[in-house]
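Protein chains in written order, with this note's numbering: chain G, 183 to 514; chain B, 183 to 514; chain W, 183 to 514; chain U, 183 to 514.
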């Protein structure tokens with residue numbers, strides 16, 4: 183079928199490629215003409231303005247947006263102004279599901295459908311296919327089925343429902359981004375579980391290391407039990423084969439550790455992209471305890487330097503009640 | 183090669199089957215003669231006492247134990263008393279790695295090798311193969327290589343090292359169980375990440391539910407954003423295909439949810455088997471922050487009813503400073 | 183000075199008493215005429231409608247509201263409709279600070295001041311005085327100084343600023359409730375710190391207790407170190423005297439434990455009143471790691487039964503990968 | 183009564199002063215003769231060797247040790263070698279309660295009593311008195327009652343039991359240090375609750391600050407709600423007066439913030455002294471969930487730089503699945 187794609191960054195461009203490979207006609211637009219040109223060279227239909235983009239789409243139009251969350255809302259409203267009842271706008275970005283709920287309500291007044299699609303698969307999606315979590319009105323979602331089927335990994339076509347082929351209509355507008363939000367919250371938790379575990383493995387030789395003997399350093403009580411030099415890269419590899427904790431994230435981790443076991447190229451500042459925050463806020467609104475997902479999020483906040491004031495305050499208290507002089511940070 | 187297996191529970195018996203299928207000669211022993219008989223019927227060499235078990239093993243002997251952690255230590259010492267310098271005892275159970283460090287030291291005085299093997303794969307290992315994390319002296323581990331290779335899933339034989347085939351010599355005695363311990367700590371964290379996430383999905387319709395309006399119930403501030411009836415079983419299935427959080431645990435979870443989406447057969451009391459505790463204690467000894475792994479462990483403790491006294495104390499404080507009357511627990 | 187008080191529940195009525203004792207003229211209103219009559223009997227000026235209430239206030243009027251958060255917003259708007267430029271409405275309840283920001287903006291269009299006052303002290307405030315955290319326009323806050331001074335505990339009148347006397351103008355509208363919100367977040371954390379600690383003390387005799395010996399129960403590894411029968415009520419008392427963790431909350435806890443060491447009257451369902459949730463959400467918005475405050479909140483959620491689905495899912499996973507049969511909950 | 187004090191550091195010396203002021207005869211010893219001389223000048227009986235120290239004590243002897251935990255065990259055994267049946271050794275340091283259990287068992291063979299005293303009060307104890315948590319045999323503890331009564335803050339002498347006067351016999355040897363251990367665990371939790379809360383207050387102006395607009399920085403969604411410049415020092419002060427979270431720790435915090443609101447003199451590296459670790463390990467052994475106490479401990483570990491490897495691994499994973507380039511740490 184014909185599909186419009188707007189926003190031709192890494193994700194958008196790869197999705198156009200995967201759709202074109204599957205035989206769909208892709209009309210593409212981006213504010214950067216070079217991004218358009220690159221895909222035109224690969225067979226897409228290029229456009230130079232939002233108006234031209236809309237004009238080249240056959241009715242009922244289907245326009246898929248892959249834009250930064252910060253600008254998605256405004257672009258959706260602008261685009262909707264150019265569209266007609268029966269047309270459909272798809273937001274495939276990492277937007278807050280609340281925006282989808284609100285946008286869908288506004289667009290429905292005009293008869294334009296809003297479909298939100300949470301997309302997982304990252305830079306590997308072009309090859310592996312994307313896992314799609316979809317929210318929106320039934321008819322609009324039905325029309326887009328060929329697109330979803332091509333973007334998704336595929337799989338058992340005889341399985342009941344589409345989930346086994348990697349895409350799922352989760353509910354009304356907002357449901358897709360809601361499920362994707364929780365997906366990313368889980369992702370944070372899994373990543374942190376691995377990271378904490380490997381950090382323990384790395385510390386397994388603590389008993390071999392000389393330890394500062396000062397009043398501000400807790401002695402290691404039984405050093406005989408911490409004498410292991412564990413090859414963490416090899417451990418990551420072995421866990422991929424037959425263990426209960428095998429996963430795609432572990433596959434990637436094993437590759438990363440094999441290439442750079444000491445992770446020298448990284449400094450340890452871990453960004454968070456919003457979904458983890460929204461997940462925990464949704465949990466709090468609904469009274470769901472999420473200690474693991476929250477802990478994973480806070481570790482990222484701390485890595486960004488945001489615990490420093492609290493830490494200074496703890497040092498101030500320790501000085502005040504116990505006369506403890508703060509020990510300086512290790513110099514690298 | 184020839185291998186002795188002692189402890190023919192679910193794990194031990196299946197390992198004998200996998201080894202026999204690969205052509206190894208298995209001498210088996212268990213305190214329950216029926217367990218021995220069952221495997222003899224499948225081709226194993228049965229024995230009726232520990233002495234007979236040791237007597238039927240060719241020198242240098244290799245005896246693999248799959249016993250409950252609580253009795254492993256005593257049995258190892260008893261067995262070592264019947265063995266000779268150059269023989270090897272393998273502990274494949276879920277023992278504390280500290281016991282392995284101590285046992286190895288005691289056995290080495292007599293020249294008997296102690297090899298600790300952390301084994302992951304659960305009830306699926308017979309078919310999929312077991313992921314093996316091995317600690318012990320080089321020569322003993324080298325002798326056992328054919329056994330390890332057959333128990334493990336196998337895989338790329340051209341890959342350097344054995345990790346890509348699912349087994350790894352991690353270090354001296356204790357290193358195998360240490361790595362397995364951390365493996366299980368990570369497992370707890372991953373499981374909790376999924377469980378918390380699915381719990382949020384289940385609560386996504388909170389805005390549709392009637393909410394008690396009393397002073398002891400926080401109102402849901404924006405019910406319009408919690409109107410989704412998510413089919414969690416379908417979501418588990420779709421995440422298996424192309425998403426970043428795909429894993430073997432998710433595969434099993436999707437199956438379990440497909441069979442029983444409401445999880446009616448479970449009450450929610452989650453046991454812990456020791457490794458999660460040891461992991462966190464090792465992290466604390468070495469000063470490694472493990473908020474995710476700990477949170478996962480504490481959720482299990484709470485599910486076992488161990489937070490009740492603390493909770494009562496909180497209610498007592500709330501009554502004392504604010505006159506808040508405790509609300510009774512929901513009746514099921 | 184003259185002050186109007188609307189909402190004569192436990193908190194509002196006691197504040198009227200404290201203000202009357204200090205010589206202020208209190209005009210009072212409540213939808214329940216009995217609550218009005220009770221305070222009239224103690225010397226307050228009673229009114230029978232919101233209109234009469236406003237009518238009896240001298241200009242510029244000062245009306246203080248102590249209402250449930252759920253209805254505060256609507257009542258403020260209604261009341262503002264009866265007031266004039268230069269009048270001031272004070273919200274002394276446990277409202278979300280965001281409502282204060284929004285209400286202040288709306289009321290300022292009409293020239294009516296909005297002052298938000300976070301109030302701590304609970305049922306003991308009548309006697310001890312209330313700690314007041316104030317947000318609002320400078321001039322309105324200045325006018326109310328005599329009221330704040332009388333409600334607060336008082337203290338060193340020579341100290342610079344008012345904080346040492348128990349009240350503080352924290353910033354523009356919303357700042358008072360923001361500071362109170364964080365105050366309550368800290369309160370949750372402190373309460374949980376004590377509760378967890380006392381729970382450990384109570385478990386200090388674990389080594390004396392018979393322990394189920396089944397595959398689903400982790401054995402207590404070194405029972406000789408858990409042989410203490412600690413008198414937690416006495417410990418709470420001793421910590422009040424000279425220790426680093428002395429506090430007013432501990433004073434109350436010691437009293438509660440002295441009266442009922444086993445806390446038999448409580449079931450362990452701990453409500454949360456909103457501020458703890460808002461605190462964590464504000465922390466997440468601003469990227470501040472708050473593992474302690476969040477953990478305290480989640481323990482309350484769990485005590486409310488909200489972790490059950492997640493716990494069931496963990497049991498389902500354990501069955502799936504390891505064949506572990508869930509152990510039933512203890513019967514009380 | 184007569185009491186021997188060994189270890190004349192800050193804590194030991196101040197305890198001698200408090201005991202001397204109360205009329206007790208203090209025999210003192212330290213490996214540093216200058217520490218001995220200083221207290222002799224204030225009226226104590228000095229000694230120059232452990233033998234002389236023991237020789238000057240009247241039978242039954244009472245020797246109180248205030249030594250670093252790392253050497254306490256060895257010194258106790260050495261000292262016990264010089265003592266006789268009926269004598270008593272008191273360990274008032276921050277030792278692991280397990281050492282007390284073990285030492286008491288060893289000393290009892292010789293008839294020497296071992297009493298462990300957890301001591302809280304820090305540098306303020308000389309003036310305020312020390313809160314004492316005592317473990318040991320009844321008779322030995324009874325003999326020392328005059329010493330405990332003088333070291334403790336005192337208080338209501340008519341109250342039943344000694345807890346209201348600041349000291350408590352908690353149980354057999356080890357119970358004192360066990361209770362002190364949990365005390366410090368709670369202390370960590372309370373400190374972190376305050377520190378996290380003040381950190382949120384400090385971030386309350388996040389909406390005013392220019393925010394990097396890049397793909398690796400989550401935008402602040404509703405900046406209008408984060409426009410407060412909170413004077414945290416003033417807030418700490420106001421909370422001391424009438425609020426639910428008033429405490430001695432808050433008193434000290436308010437003083438520290440008044441003197442240095444930006445806490446410029448601190449870098450934010452927070453030491454931990456062992457008790458927090460032991461507390462959590464005891465909780466884990468006994469299956470008690472302690473998310474708050476653990477989180478407080480882990481924040482200290484992170485402040486010590488121990489999460490860096492885990493953080494690097496998270497960055498490596500994010501690069502691997504999403505192509506996310508790590509953002510460098512802020513330069514100070």
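C-beta atoms are modelled at their ideal positions from N, C-alpha and C, and glycine is treated no differently.
Short CB-CB distance (under 8 angstroms) between residue i and chain G
{"i": "residue 411 of chain B", "result": "yes"}
{"i": "residue 466 of chain W", "result": "yes"}
{"i": "residue 406 of chain W", "result": "no"}
{"i": "residue 494 of chain W", "result": "no"}
{"i": "residue 423 of chain U", "result": "no"}
Any chain B beta carbon closer than 8 angstroms to residue i
{"i": "residue 483 of chain U", "result": "yes"}
{"i": "residue 511 of chain G", "result": "no"}
{"i": "residue 459 of chain W", "result": "yes"}
{"i": "residue 184 of chain U", "result": "no"}
{"i": "residue 360 of chain U", "result": "no"}
{"i": "residue 472 of chain U", "result": "yes"}
Rounded separation between residue i and residue j - CA only
{"i": "residue 493 of chain B", "j": "residue 307 of chain U", "result": "33 angstroms"}
{"i": "residue 400 of chain W", "j": "residue 262 of chain B", "result": "26 angstroms"}
{"i": "residue 226 of chain U", "j": "residue 203 of chain U", "result": "11 angstroms"}
{"i": "residue 403 of chain G", "j": "residue 469 of chain B", "result": "12 angstroms"}
{"i": "residue 504 of chain G", "j": "residue 347 of chain U", "result": "22 angstroms"}
{"i": "residue 363 of chain U", "j": "residue 421 of chain W", "result": "13 angstroms"}
{"i": "residue 449 of chain B", "j": "residue 509 of chain B", "result": "22 angstroms"}
{"i": "residue 379 of chain W", "j": "residue 499 of chain W", "result": "31 angstroms"}
{"i": "residue 220 of chain G", "j": "residue 451 of chain B", "result": "56 angstroms"}
{"i": "residue 286 of chain G", "j": "residue 265 of chain G", "result": "14 angstroms"}
{"i": "residue 234 of chain W", "j": "residue 476 of chain U", "result": "56 angstroms"}
{"i": "residue 317 of chain U", "j": "residue 352 of chain U", "result": "6 angstroms"}
{"i": "residue 267 of chain U", "j": "residue 284 of chain B", "result": "36 angstroms"}
{"i": "residue 462 of chain U", "j": "residue 495 of chain U", "result": "26 angstroms"}
Assumed close pair residue i, residue j - CB separation to whole angstroms, cut-off 8 angstroms
{"i": "residue 439 of chain W", "j": "residue 415 of chain W", "result": "4 angstroms"}
Which listed residue (the options) has its alpha carbon closest to that of residue i
{"i": "residue 281 of chain W", "options": "W:298, W:365 and W:368", "result": "W:298"}
{"i": "residue 143 of chain W", "options": "W:390, W:418, W:421 and W:396", "result": "Any property of residue 143 of chain W remains undetermined from this structure, which presents chain W solely from 183 to 514."}
{"i": "residue 428 of chain G", "options": "B:462, B:250, B:368 and B:411", "result": "B:368"}
{"i": "residue 196 of chain B", "options": "B:244, B:311 and B:359", "result": "B:311"}
{"i": "residue 453 of chain B", "options": "B:480, B:223 and B:217", "result": "B:480"}
{"i": "residue 483 of chain W", "options": "B:350, B:417 and B:398", "result": "B:398"}
{"i": "residue 315 of chain W", "options": "U:244, U:277 and U:425", "result": "U:425"}
{"i": "residue 382 of chain W", "options": "W:360, W:358, W:467 and W:410", "result": "W:410"}
Interface flag, residue i vs chain U, CB-CB below 8 angstroms
{"i": "residue 235 of chain G", "result": "no"}
{"i": "residue 191 of chain B", "result": "no"}
{"i": "residue 491 of chain G", "result": "yes"}
Any C-beta of chain W under 8 angstroms from that of residue i
{"i": "residue 430 of chain U", "result": "yes"}
{"i": "residue 272 of chain U", "result": "no"}
Task: Three CB pairs or more closer than 8 angstroms across the stretch 334-347 of chain U and the stretch 437-456 of chain U - done: no
Task: Contact between the stretch 362-380 of chain U and the stretch 310-322 of chain W (3+ Cβ pairs under 8 angstroms) - done: no
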